[in-house]
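So in this note's numbering, the last spot in the sequence shown is 517, and the numbers never skip. Heads up, the beta-carbon is just placed ideally off N, CA and C, and yes, glycines get one too. Keep in mind that this is a model prediction, so the values were computed, not measured. To keep things clear, I will list the structure first and then write my remarks on it.
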Amino acid sequence: MDRRIVPSKEKNVDVMVLKKIKDLINKDNDLKNENINFTVSNREIFIKGEVTKKENIEKVEKILKSIKNIKKINNNLTLSIKRITEDNDLETVAYDILKERNLNNININVKNGVLNIYGKTETLKEKREIEKIFSSLNVNKINNFIKIVPNFSVNDFILQSLSMDKLKKMNIFHLRTRVLNKVLYLKGNVETKEVKEKAYEMASDIPGVVDIINGIVARDEKSIDVEIENKISEILKDPSYQNDRISFISIDGTVFLEGEATNPNSLYSVEEKVGKIKNVKKVINQILGVIK
């Protein structure tokens, strides 16, 4: 809190008033954490700052009027848009943003400080950009329930083909992709993290991709997939798998088991063993059982 130099006869009174103000504000749970500055000069109170609730502007003044020996109160408090916490106020600001951005396919609501976003977009990139627009609001949390719905029909096979076409012109060595339930998995090697991030951005612009697991590794990064794949190779050397044609790929700790197995036990025993390897997050078993 600020103090001004005042004539000696009034100085002691102003100091006492300022102390009284501080005590009263700190006792109020709504006001003690607000951004409010008080100055007292010749028994005149000057109030500046921002508050998160409109009613707090009047509340401050009401409290100060209870102090004796006050000549005048100059209340210059304003309502801070960035710090609004009331659900109705937040919704009003959010709807203004929707209108300004012409986001006609998007809807929102706010409950207990949580912003929920609904609607449809064609790409993951658009979905994330919309969430980023609202990130400046002072909400406790953002739930992004936007659904990704492209203008044409897609499936995992189509998305894998689109991803390879989209990324093949980039400098990604040993590029490989997989798609499961419209989640795109990327694997490869690049020179820099900037190229890795660019690959993600380009992939997120593919209509229909709902999420991306970016297993691309930059030169200065260490990949967990190399060790995982080496361990899987050791497992498949077991004679019990010699008649099977099992292939695999690990992408950021997610292992895809593919190929064919003539032994029914192979279908599940490989999955179980791979799942126990260090740093394996998930095993997706796509091995086909073949009778010969």
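Give the DSSP-derived three-state secondary structure of residue i in the structure shown.
i	result
D436	strand
K244	helix
V404	strand
E283	helix
T317	helix
K421	helix
D227	Below a pLDDT of 50, predicted positions are generally treated as unreliable, and D227, at 48, falls in that range; no measurement from the model is reported.
I453	helix
V495	helix
N237	helix
K273	strand
I295	coil
S465	helix
V478	The question names Val, but residue 478 is Gly in the sequence shown. Correct three-state label for G478: coil.
S458	helix
L362	coil
N337	coil
N251	helix
E416	coil
Measuring from the CB of residue i, is there a heavy atom of the ligand FAD at a distance below 7 Å?
i	result
D450	Absence of the ligand FAD from the depicted structure is noted, as is the absence of any ligand whatsoever, leaving it without description.
Just to confirm, are residue i and residue j a CB contact at a threshold of 8 Å?
i	j	result
L304	V285	no
E356	N369	yes
I298	L289	yes
D312	G344	no
T346	S429	no
I453	S475	yes
A486	D469	yes
D477	D450	yes
N300	I272	yes
E496	V505	no
R268	K296	yes
V238	N294	yes
A443	K421	yes
Assign residue i to buried or exposed, taking buried as 16 or more other Cβ atoms, counted over all protein chains shown, within 10 Å of its Cβ.
i	result
G514	exposed
G500	exposed
F481	buried
D227	Confidence at D227 is low in this model, with a pLDDT of 48, below 50, so the placement of that residue is unreliable and no value is reported for it.
Y522	Outside the displayed span of the chain (226 to 517) sits residue 522, for which this structure offers no information.
P489	exposed
T317	exposed
S551	Residue 551 is absent from the structure shown; the chain starts at 226 and stops at 517.
I230	For I230, the predicted model reports a pLDDT of 47, less than 50, meaning its position is unreliable and no value from the coordinates is stated.
I516	exposed
S465	exposed
E259	buried
T417	exposed
K350	buried
K287	exposed
D248	exposed
K394	exposed
V335	buried
Is residue i close to chain D, meaning its C-beta is less than 8 Å from at least one C-beta of that chain?
i	result
V242	Within the model displayed, chain D is absent; a lone protein chain is all it includes.
Just confirm the distance between the C-beta atoms of residue i and residue j, as a whole number of angstroms; I'd bet it's less than 8 Å.
i	j	result
K278	D255	7 Å
L405	L392	Not really, about 18 Å apart at Cβ, beyond 8 Å.
V434	K412	Contact doesn't hold; Cβ gap of about 15 Å is too wide.
Checklist entry - Which runs of the alpha helix (DSSP H), 4 residues or longer, sit entirely within the segment 366-402? => result 381-392
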